[in-house]
Amino acid sequence: MPYIKAQQDRYKIGVIDLMLLKRQKLSAIPLAKELNADGLEVDMGGLGNRPTFDNKLLIDSVRERFLQAAKDNNVEIFCLAMTGYYAQSFCGREAFEKSIEDCIRTMKLMNVKLAFLPMGVQCDMKKNPSVRNAVVSRLRWVGAMAAKAGVVVAIETSLSAKEEKKLLREIHNPAIKICFNFSNAIKEGRDLDKELRTLGKKNIAMIHATNKDSVWLQYDPEIDLYRIKKTLDRMKWKGWLVVERSRDATQPSNVRYNYGANVAYLKKIFQPE
């Protein structure tokens, strides 16, 4: 029993409201409970050409309903996600500060310690190295804001683990860490275990533990979760393993079918009973 409890404390399994087709909707919380997830990554809302996210969580009454629902359902809101930056340019947007300030303010109000910030298409430093200086400069600013607030911002890039470590050294702020995405590494033909070991325990804030949509995790020949767990155990890493995709391509919009199966498989391996 002590070993099982330690595993359950070390690894927690999360889902994403956006991928549940419930972007910043209250109903994502009871659905996360139904799927047997430990927590929910809540999106900050659309961005587009607005000065900041379409974020309703800064409205006191809305935020309180989310917090109460999380408590009632025993589902932790563990991360606020700035997924609007997948399509919008974090490194080139004229006024990005307001969006970051709003996210960190919301985090403090909700006692959420982790945010997710993807570099997205337009700030892909692998395909477009010329954006790197802008990315570093802006992430230094974000890191200073996050450190002051006592939170961590997990960034997702297309770089290798070796290059991500180099990037973190340039940013030089422990409030900026990496969100490691299995699918990014697999797409580039990188070995997941080697990449995790290269990044190291202290640099990984959370893991998006899925691949592209095709088959469920348990049927994916490109991911050996038993091996990955051994690697993470040896690293003494602990944190959130988040289901993003790995949907059955024949039924991609069947939320309960896909996420129920993937959460159950992650729990089987990382939280053995």
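So the sequence shown is numbered by the numbering used here: it starts at 2 and just counts up by one.
The beta-carbon is built from N, C-alpha and C at its ideal position, and this holds for glycine as well.
These numbers come from a predicted model, not from an experiment.
query = Which whole-angstrom value describes the C-beta separation of Met126 and Val113, a residue pair presumed to lie in contact below a C-beta threshold of 8 angstroms?
reply = Contact between Met126 and Val113 fails: their C-beta atoms lie close to 27 angstroms from each other, not under 8 angstroms.
query = Counting Cβ pairs, one atom from each stretch, are 3 or more of them under 8 angstroms apart for the stretch 162 to 169 and the stretch 66 to 86?
reply = These segments do not touch.
ask   = Which residue comes first and which comes last in the alpha helix (DSSP H) that contains Phe183?
value = For Phe183, the enclosing alpha helix (DSSP H) covers residues 183 to 188.
task = Could you check which residue in Asp10, Val16, Tyr12 has the C-alpha nearest to that of Thr211?
result = Relative to Thr211, the option among Asp10, Val16, Tyr12 whose CA is nearest is Val16.
query = Relative to the C-alpha of Glu164, which residue among Arg24, Pro130, Gly46, Ile101 is closest?
reply = Shortest Cα-Cα distance from Glu164 to any of Arg24, Pro130, Gly46, Ile101 involves Pro130.
Euclidean distance between Cα positions of Asp10 and Ile229 = Here the C-alpha atom of Asp10 lies approximately 17 angstroms from the C-alpha atom of Ile229.
ask   = Quick one: Cα of Ala38 to Cα of Gln272, how far?
value = Cα-Cα distance, rounded: 11 angstroms.
query = In this structure, does DSSP put Glu274 in helix, strand or coil?
reply = DSSP, read as helix, strand or coil, puts Glu274 in coil.
key: Residue(s) in a DSSP beta bridge with Met207   = In the DSSP output, where bridge partners are listed per residue, Met207 has Cys180.
task = Please look up how many angstroms separate the CB atoms of Met207 and Ala155, rounded, as I've assumed it's under 8 angstroms.
result = At roughly 5 angstroms, the Cβ-Cβ gap stays under 8 angstroms, so Met207 and Ala155 are in contact.
task = Rank Asn56, Lys23, Lys72 by C-alpha distance to the C-alpha of Met108 and give the top, closest one.
result = Scanning Asn56, Lys23, Lys72 for the CA closest to the CA of Met108 turns up Asn56.
request  = Use the C-beta contact count for Lys23: other C-beta atoms within 10 angstroms, 16 or more gives buried, fewer gives exposed.
outcome  = Around the C-beta of Lys23, 16 or more other C-beta atoms lie within 10 Å, and the residue is accordingly described as buried.
request  = Output the distance between the C-alpha atoms of Ser90 and Leu48, rounded to the nearest integer angstrom.
outcome  = Going by the C-alpha atoms only, they are around 10 angstroms apart.
query = Taking the alpha helix (DSSP H) that Trp142 falls in, what are its first and last residues?
reply = Residue range 133 to 150 is occupied by the alpha helix (DSSP H) that includes Trp142.
task = Return the chain-ordered ranges of every alpha helix (DSSP H) run that is complete within the stretch 12 to 95 and spans a minimum of 4 residues.
result = For the alpha helix (DSSP H) assignment, the uninterrupted runs of no fewer than 4 residues enclosed by the stretch 12 to 95 are, from N- to C-terminal side, 29 to 35, 61 to 74.
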